[in-house]
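Peer 1: Next up is a structure, given as structure tokens.
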Amino acid sequence: MLQPGSLIPPAFYLREPPEVARALLGCCLWREGVALRITEVEAYGGPEDSASHGRHGRTARNAPMWTEGGRVYMYLCYGIHRMLNIVTGEPGRCGAVLVRAAEPVAGLERVLGRRRMQEARPALLAGPGRVAQALDLDLGFSGQALFEAGGLELREGWPPMRIAAGPRVGVDFASPADRRRRWRFVEAGSPWQSAPSLGGVPRPRRVRNGDRRPPE
DNA sequence: CACAGGATCGTT
DNA sequence: ACGATCCTGTGT
Numbered sequence: 005m006l007q008p009g010s011l012i013p014p015a016f017y018l019r020e021p022p023e024v025a026r027a028l029l030g031c032c033l034w035r036e037g038v039a040l041r042i043t044e045v046e047a048y049g050g051p052e053d054s055a056s057h058g059r060h061g062r063t064a065r066n067a068p069m070w071t072e073g074g075r076v077y078m079y080l081c082y083g084i085h086r087m088l089n090i091v092t093g094e095p096g097r098c099g100a101v102l103v104r105a106a107e108p109v110a111g112l113e114r115v116l117g118r119r120r121m122q123e124a125r126p127a128l129l130a131g132p133g134r135v136a137q138a139l140d141l142d143l144g145f146s147g148q149a150l151f152e153a154g155g156l157e158l159r160e161g162w163p164p165m166r167i168a169a170g171p172r173v174g175v176d177f178a179s180p181a182d183r184r185r186r187w188r189f190v191e192a193g194s195p196w197q198s199a200p201s202l203g204g205v206p207r208p209r210r211v212r213n214g215d216r217r218p219p220e
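Take the first sequence: its letters are residues 5 to 220, numbered as in my numbering.
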């Protein structure tokens with residue numbers, strides 16, 4: 005039987021988003037017997053980060069990004085998917101980390117049911133929409149404190165051996181500099197990550213026409 | 001008040 | 001490659 009690690013204290017979150025993002029790898033999200041070990045994250049900053057929801061200043065939707073670190077910011081993406089973000093920094097500062105992939109460590113049956121899958125393959129939890137679905141999170145979780153027991157919690161897990169960094173996914177609308185910023189972090193070598201893969205685990209490529217070479 | 005488009009995913 | 005699906009942010 006797996007023991008929950010200890011709750012992560014508020015001070016953990018009081019750093020810049022990329023630092024918190026790296027530290028989140030290996031930590032476990034717990035809710036109602038389900039535990040997911042975080043394997044992929046992305047850092048987002050304040051108004052100075054043109055890829056961030058904070059880029060236009062504080063609004064009704066993104067207000068949780070300005071709250072104290074360790075709280076949740078949920079939003080709806082493409083009208084369909086719910087995204088789990090972990091707020092960073094002091095109150096009044098804007099920053100958050102998007103949880104993009106995880107590895108199941110407890111409550112697998114319930115996760116399989118929510119994801120409508122028969123067995124645990126990487127697609128079970130590879131992608132931010134899938135992570136939120138596996139934890140059955142909705143927008144009402146915005147504002148929840150991860151450092152308080154009950155509801156959704158963040159607890160200690162097993163840190164990665166090595167971390168790989170790359171550019172963030174799905175931010176083509178941002179400035180060239182912010183697009184290039186390497187604020188996506190994954191556990192190197194983990195199969196539990198979304199596409200495109202980082203850190204030396206080539207995802208099986210679907211090739212259209214026999215033995216055509218992939219572009220450089 | 002209209003409208004464009006998005007920190008995605010599953011299927012074709 | 002595409003459609004789903006809804007609400008935010010911006011402009012008039």
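The beta carbon of each residue, even a glycine, is placed where N, CA and C say it ideally should be.
Quick check on the burial criterion: 16 or more other C-beta atoms within 10 angstroms. Buried or exposed for cysteine 98?
Peer 2: Locating residue 98 in the first sequence gives position 94, counting from the first residue. Label assigned to cysteine 98: buried.
Peer 1: Should glutamine 240 go down as buried or exposed, given a rule of 16 or more other Cβ atoms within 10 Å for buried?
Peer 2: There is no way to answer for residue 240, as the model of the chain reaches only from 5 to 220.
Peer 1: Please report how far the alpha carbon of alanine 199 lies from the alpha carbon of glutamate 191, in whole angstroms.
Peer 2: By one-based count along the first sequence, residue 199 stands at place 195. By one-based count along the first sequence, residue 191 stands at place 187. Approximately 14 Å between the Cα atoms of the pair.
Peer 1: With a CB to CB cut of under 7 Å and the five nearest residues on each side skipped, what residues in its chain are close to glycine 61?
Peer 2: Sequence index remark: in the first sequence, residue 61 carries index 57 (1-based). Correct list, in chain order: Pro51.
Peer 1: Looking at the unbroken beta strand (DSSP E) that takes in leucine 158, where does it start and where does it end?
Peer 2: As a first step, residue 158 must be located in the first sequence, where it is residue number 154. That run of the beta strand (DSSP E) goes 157 to 159.
Peer 1: Apply the 10 Å Cβ neighbour rule to alanine 64 and answer buried if 16 or more other Cβ atoms are within range, or exposed otherwise.
Peer 2: The residue labelled residue 64 in the question sits at position 60 within the first sequence. Classification for alanine 64: exposed.
Peer 1: What whole-angstrom Cβ distance do alanine 25 and phenylalanine 145 have, given they're in contact under 8 Å?
Peer 2: The residue you call residue 25 lines up with position 21 of the first sequence. The residue you call residue 145 lines up with position 141 of the first sequence. Rounded, the Cβ-Cβ distance is 19 Å, inconsistent with contact.
Peer 1: Can you tell me the Cα-Cα spacing of proline 22 and glycine 117, whole angstroms?
Peer 2: Reading the first sequence from its first residue, position 18 is the one you call residue 22. Reading the first sequence from its first residue, position 113 is the one you call residue 117. The straight-line gap from Cα to Cα measures roughly 33 Å.
Peer 1: In its own chain, which residues sit with a C-beta less than 7 Å from the C-beta of serine 10, not counting the 5 before and 5 after it?
Peer 2: As a working note, residue 10 is residue 6 in the first sequence. Here the set comprises Arg159, Glu160.
Peer 1: Taking just the CA atoms, how far does alanine 100 sit from methionine 69?
Peer 2: Reading the first sequence from its first residue, position 65 is the one you call residue 69. Reading the first sequence from its first residue, position 96 is the one you call residue 100. Near 6 Å, if we compare the C-alpha coordinates of alanine 100 and methionine 69.
Peer 1: Leaving out five residues before and five after glycine 111 in sequence, what residues of the same chain have Cβ atoms less than 6 Å from its Cβ?
Peer 2: By one-based count along the first sequence, residue 111 stands at place 107. If the five residues before and after glycine 111 are omitted, its C-beta is found closer than 6 Å to the C-beta atoms of Gly37, Val38, all from its own chain and listed in chain order.
Peer 1: On the DSSP letters alone, give me the boundaries of the beta strand (DSSP E) that proline 108 sits inside.
Peer 2: The residue you call residue 108 lines up with position 104 of the first sequence. Element bounds for proline 108: 100 to 110.
Peer 1: Whose C-beta lies closer than 7 Å to the C-beta of proline 126 among residues of the same chain, with five residues either side of it excluded?
Peer 2: As a position in the first sequence, residue 126 is number 122, starting the count at 1. Spatial neighbours of proline 126 in its own chain (CB-CB distance under 7 Å, excluding positions within 5 residues in sequence) are listed in chain order as Pro195, Trp196.
Peer 1: Checking the sheet assignment: what are the DSSP bridge partners for cysteine 31?
Peer 2: Within the first sequence, residue 31 is the residue found at index 27, counting from 1. Paired residue(s): none; cysteine 31 is not in a bridge.
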